[in-house]
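Below is one structure, written out as structure tokens, with a few remarks after it.
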Amino acid sequence: MRVKHEALLVVADLIRGVSAAQDLFAKSVSRGTGGVQDAVTHLIWLAITSQIPFNIRTAATYCFKCYVHKRAELRSVLTASLSAMPPSAAKLGTNVEIGIVFFFFLSFPVSSDDSHTFF
1 MRVKHEALLV VADLIRGVSA AQDLFAKSVS RGTGGVQDAV THLIWLAITS
51 QIPFNIRTAA TYCFKCYVHK RAELRSVLTA SLSAMPPSAA KLGTNVEIGI
101 VFFFFLSFPV SSDDSHTFF
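Numbering (the working numbering), first residue to last: 1 to 119.
See below:
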């Protein structure tokens, strides 16, 4: 698991603020036991799944923050999507609640320093 954690941090640092790298990341896919999934969806799944170790979830959250860093248009689409969530979404359980918390993570900017050192 340490390798996955480090890999997520490396990807995050590579894509932070580089729109070409962010676009390439968005077009990437993840192949796992659950089949093929786009990389961004897989990243969100890693961040909100409680069975995933904490260091992987925080690294996935940091990677997602780096994916939307300096992408105001993408952040506004995500904000609109989350704020337009229907009340019936509460039936989906804790993943919706965690998704809302995940939204608040996006509210804080990624600094230019080595902000992932606490992982």
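Positions of the beta carbon are idealized from the N, C-alpha and C atoms, including for glycine.
When rounded, the separation of the alpha-carbon atoms in S30 and V18 is 21 Å. In the structure shown, R2 falls within a helical segment according to DSSP collapsed to helix, strand and coil.
In the DSSP assignment, V36 falls within the beta strand (DSSP E) that extends over 35–38.
Counting along the chain, Q22 sits inside the alpha helix (DSSP H) bounded by residues 19–27. When DSSP states are grouped into helix, strand and coil, R31 belongs to the strand group. The beta carbon of A47 is closer than 7 Å to those of R57, A60, T61, F64, F102 in its chain, skipping five residues each way along the sequence. DSSP, read as helix, strand or coil, puts K65 in helix.
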